[in-house]
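Q:
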Amino acid sequence: MWLIAAVMSAFFAGLTSILAKCGIRKTDSDIATAVRTGVVLLFSWIMVFIVGSYNTIAQIQPKSLLFLILSGAATGASWICYFKALSEGDVNKVIPIDKSSTVLTVLLAIICFGETEHLAVKLAGTILLGVGVILMIDKKKSDGKASGNRYIFYAIGSAVFAAATSILAKIGITDVESNLGTAIRTCVVLIMAWIIVFVKGKQSAVRHIDKKELLFIFLSGIATGASWLCYYYAIQNGKVSVVIPIDKMSMLISILFSYIFFKEKLSRKALLGLCLMVSGTLLMAIFAR
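The sequence shown: position 79 = 271 (this note's numbering), numbered continuously.
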């Protein structure tokens with residue numbers, strides 16, 4: 193079941209990137225992040241009440257709560273960087289850098305959780321992923337704007353914080369029902385997202401969001417919520433070093449749709465990198481379970 197949940201997480205995460213890109217063409221990325229986090233929060237708490245795990249809130253240990261809060265803060269930082277990168281760069285350039293968090297997460301899972309079974313396979317898969325990411329990073333041609341290749345730095349920040357999220361969340365949801373853990377983390381992300389909006393003085397722009405883009409932001413929030421529920425169920429019940437690579441295959445869906453809807457094409461070098469990343473993921477998913 194945790195493998196199926198990891199695959200579903202990847203599917204919904206792939207949809208999230210495309211829907212979010214459609215929602216931030218004219219809308220500021222910080223505002224879009226704050227609004228869609230509200231949708232995710234509503235979705236996650238509905239799931240908590242459906243499964244009845246709200247009755248266990250008082251039973252959460254202080255240590256678990258602390259790590260859930262920390263993972264939520266890391267998620268918030270990752271999202272802010274990620275959607276800023278998407279607003280400035282092409283989907284098929286941002287996604288591979290963001291997904292490089294897989295390499296760091298797998299290594300941390302081996303070190304922190306002792307997931308050393310099939311170590312050679314995991315290391316081989318991680319190397320393929322790392323080389324694939326390097327090949328897929330393609331500097332954006334300057335279009336005269338000041339942003340230039342700045343999206344690369346935001347994407348790297350997103351990857352680092354995403355890796356921290358996975359490790360902190362694994363510790364935080366050890367004794368917490370996964371839906372409840374997701375809902376608690378989302379509260380932290382929502383607070384962070386709106387603090388950023390108010391600190392930057394962008395709150396007045398919320399009323400002027402384009403209705404069509406608002407719909408896409410809303411849909412991306414639902415897709416994110418579905419992805420998170422599947423993802424945290426998978427890492428709670430499975431091996432982090434296997435779940436993460438499967439989840440990161442969401443980039444296949446994102447890149448496919450970016451080609452269909454945004455006409456973003458891959459170079460031969462980037463295509464080779466994508467093949468290496470897929471090979472590394474399949475290697476770990478099949479032989480390191």
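All C-beta atoms, glycine included, are put in the ideal place defined by N, C-alpha and C.
From a predicted model like this one, the values you see are computed outputs, not experimental measurements.
#1: Terminal residues of the continuous alpha helix (DSSP H) containing residue 374?
#2: With a threshold of 16 other CB atoms inside 10 Å of the CB of residue 251, please say whether the residue is buried or exposed.
#3: Determine the DSSP secondary structure at residue 215, reduced to helix, strand or coil.
#4: Where do the N-terminal and C-terminal ends of the alpha helix (DSSP H) with residue 508 fall, by residue?
#5: In this structure, does DSSP put residue 405 in helix, strand or coil?
#6: Is the Cβ-Cβ distance between residue 424 and residue 374 less than 7 Å?
#7: Which class does residue 428 belong to by DSSP, given the choice of helix, strand or coil?
#8: So, are the CB atoms of residue 283 and residue 318 less than 7 Å apart?
#9: State yes or no: is the C-beta of residue 206 within less than 7 Å of the C-beta of residue 328?
#10: Please determine, among 372, 378, 278, the residue with the shortest C-alpha to C-alpha distance to residue 447.
#11: Leaving aside the five residues before and after residue 297 along the sequence, list all residues of the same chain whose C-beta is less than 6 Å from its C-beta, in chain order.
#12: Just to confirm, are residue 347 and residue 229 a CB contact at a threshold of 7 Å?
#13: Please classify residue 217: is it buried, with 16 or more other beta-carbons within 10 angstroms of its beta-carbon, or exposed?
#14: Judging by CA-CA distance, which residue of 367, 369, 353, 378 is the nearest neighbour of residue 235?
#15: Between the region 402-414 and the region 456-464, do at least 3 Cβ pairs fall closer than 8 Å?
#16: Measuring only the C-alpha atoms, how far is residue 271 from residue 241?
#17: Determine the direct distance from the alpha carbon of residue 398 to that of residue 428, and round the result to whole angstroms.
#18: Skipping 5 residues on each side, what residues in its chain have a beta carbon closer than 6 Å to that of residue 221?
#19: Alpha carbon to alpha carbon, what distance is there between residue 400 and residue 474?
#20: In three-state terms, what does DSSP make of residue 276?
#21: Return helix, strand or coil for residue 310, following the three-state DSSP convention.
#22: Pull up the CB-CB distance for residue 291 and residue 193, whole angstroms please, since I reckon it's below 8 Å.
#23: Mapping the DSSP letters down to three states, classify residue 244 as helix, strand or coil.
#24: I'd like to know whether the C-beta atoms of residue 376 and residue 260 end up nearer to each other than 7 Å.
#25: Whole angstroms is fine: what's the gap from residue 203's alpha carbon to residue 213's?
#26: Looking at the secondary structure, which residues open and close the alpha helix (DSSP H) in which residue 341 lies?
#27: What residue range does the alpha helix (DSSP H) around residue 366 cover?
#28: Name the residue from 209, 237, 365, 238 whose alpha carbon lies nearest to the alpha carbon of residue 254.
A: According to the data block:
#1: Unbroken alpha helix (DSSP H) run through residue 374: 370-391.
#2: It counts as exposed.
#3: Three-state result, residue 215: helix.
#4: Summary: the structure shown does not reach residue 508, with the chain confined to residues 193 through 481, and so no result is reported for it.
#5: Looking at residue 405 - three-state DSSP - the assignment turns out to be helix.
#6: The Cβ atoms of residue 424 and residue 374 lie closer than 7 Å to each other.
#7: DSSP places residue 428 in the helix class (H, G or I) of the three-state scheme.
#8: No, Cβ-Cβ distance for residue 283 and residue 318 is not below 7 Å.
#9: Residue 328 is positioned such that its CB atom lies no closer than 7 Å to that of residue 206.
#10: Of the listed residues, the one whose Cα sits closest to residue 447 is 278.
#11: If you ignore the 5 residues before and after residue 297, its C-beta comes within less than 6 Å of the C-beta of 355, 358, 436, all in its own chain and listed in chain order.
#12: Their beta carbons are not under 7 Å apart, which means residue 347 does not touch residue 229 by this criterion.
#13: Residue burial is scored here from C-beta neighbours: residue 217 has fewer than 16 other C-beta atoms within 10 angstroms and is therefore classed as exposed.
#14: With distances taken between Cα atoms, residue 235 lies closest to 378.
#15: Fewer than three beta-carbon pairs drawn from the region 402-414 and the region 456-464 are found closer than 8 Å, and the two stretches are therefore not classed as touching.
#16: Distance between the alpha carbons of residue 271 and residue 241: 26 Å.
#17: The C-alpha of residue 428 lies about 36 Å from the C-alpha of residue 398.
#18: Cβ within range, chain order: 275, 276, 279.
#19: The alpha-carbon atoms of residue 474 and residue 400 are separated by roughly 44 Å.
#20: Annotated three-state conformation of residue 276 is helix, per DSSP.
#21: Looking at residue 310 - three-state DSSP - the assignment turns out to be coil, as it is neither helix nor strand.
#22: So it is not a contact: roughly 24 Å between Cβ atoms.
#23: If DSSP states are grouped into helix, strand and coil, residue 244 belongs with coil.
#24: Contact: yes.
#25: For residue 203 and residue 213, the gap between their C-alpha atoms comes out near 16 Å.
#26: Neither: residue 341 is in no alpha helix (DSSP H) and is coded neither H nor E.
#27: Counting along the chain, residue 366 sits inside no alpha helix (DSSP H), nor does DSSP assign it H or E at all.
#28: Closest by alpha carbon: 365.
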